[in-house]
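Here is the structure we will look at.
Encoded structure:
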């Protein structure tokens with residue numbers, strides 16, 4: 068939804084081709100080609116958060132191991148230290164330049 072809003076009401080209004088990347092609890096993208104949202108053959112063109120980066124990496128919510136999302140999303144950093152105090156962990160992350 069953020070990508071559509073950006074395309075229709077934000078800086079994307081003047082662009083025919085654009086890539087919108089969202090990094091939060093997950094990682095995803097929206098691709099606009101010739102002013103239209105590109106969905107790809109299977110409808111998941113923007114799901115690059117599930118590209119395998121490390122075959123031996125952490126388990127992802129999709130069931131695979133080592134997806135970009137499992138290694139670099141906000142969810143990964145939020146769950147990186149279950150034994151610590153979440154508020155302290157987030158504060159330390161912010162002090163060190165964010166996650």
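Residue numbers (the numbering used here): 68 to 166. C-beta atoms are modelled at their ideal positions from N, C-alpha and C, and glycine is treated no differently.
To the nearest angstrom, report how far apart residue i and residue j are at their CA atoms.
i, j, result
"residue 72", "residue 83", "15 Å"
"residue 88", "residue 130", "22 Å"
"residue 161", "residue 139", "Interpretation of residue 161 is limited by its pLDDT of 49, a score under 50 that renders its predicted location unreliable; the figure taken from the coordinates is listed afterwards. If you take the alpha carbons of residue 161 and residue 139, they lie about 16 Å apart."
"residue 86", "residue 121", "24 Å"
"residue 81", "residue 116", "27 Å"
"residue 113", "residue 69", "13 Å"
Hey, could you find the ends of the alpha helix (DSSP H) residue i is sitting in?
i, result
"residue 136", "135 to 139"
"residue 76", "69 to 76"
Just to confirm before moving on: does the CB-CB distance between residue i and residue j stay below 7 Å?
i, j, result
"residue 141", "residue 91", "yes"
"residue 133", "residue 119", "yes"
"residue 136", "residue 77", "no"
With DSSP as the reference, please indicate the residues paired to residue i in a beta bridge.
i, result
"residue 85", "99"
"residue 54", "This structure leaves residue 54 out entirely; the chain is present only between 68 and 166."
"residue 176", "This structure does not reach residue 176, given that the chain is present from 68 up to 166, and the question cannot be answered."
Could you tell me whether the segment 121 to 137 touches the segment 97 to 104, where touching means 3 or more Cβ pairs closer than 8 Å?
no
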